[in-house]
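*Asks:* In my numbering, each residue carries its 1-based index in the sequence shown increased by 79.
Glycine included, every Cβ here is placed at the ideal spot set by N, Cα and C.
On a predicted model such as this, the values are computed, not experimentally measured, just so you know.
Quick one: the structure is below, and I'll ask about it shortly.
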Amino acid sequence: MNKAIELGCDLVSFGRPTIADPFMVQHLMESKSIKCISYNKCFMNHHIQPVKCYAF
């Protein structure tokens, strides 16, 4: 992500990662690891289940 911004990227999306960790941006600034593993279950059945992280 930092490399993309350095290369002139206009926008970086944080959809799934912020579901797994609502404080992700703060954790990135503190050089902590991100919890999201792109499991994708958070969005797979959103019409019948709550949108949340099912990996943790």
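Ends of the alpha helix (DSSP H) at Lys111?
*Replies:* Lys111 -> no alpha helix (DSSP H), and no H or E assigned at all.
*Asks:* Suppose you measure from the CA of Ala134 to the CA of Ile116; what does that come to, to the nearest Å?
*Replies:* 8 Å
*Asks:* Which same chain residues, not among the five before or five after Cys123, have their C-beta less than 6 Å away from its C-beta?
*Replies:* Residue 123 is actually Met in this sequence, not Cys. No residues qualify anywhere along the chain.
*Asks:* Spatial neighbours of Ile98 within its chain, please: CB distance less than 7 Å, with the 5 preceding and 5 following residues excluded, ordered by chain position.
*Replies:* Cys121, Val130, Lys131 and Cys132
*Asks:* How many Å lie between Ser92 and Gln128 at the Cα?
*Replies:* 23 Å
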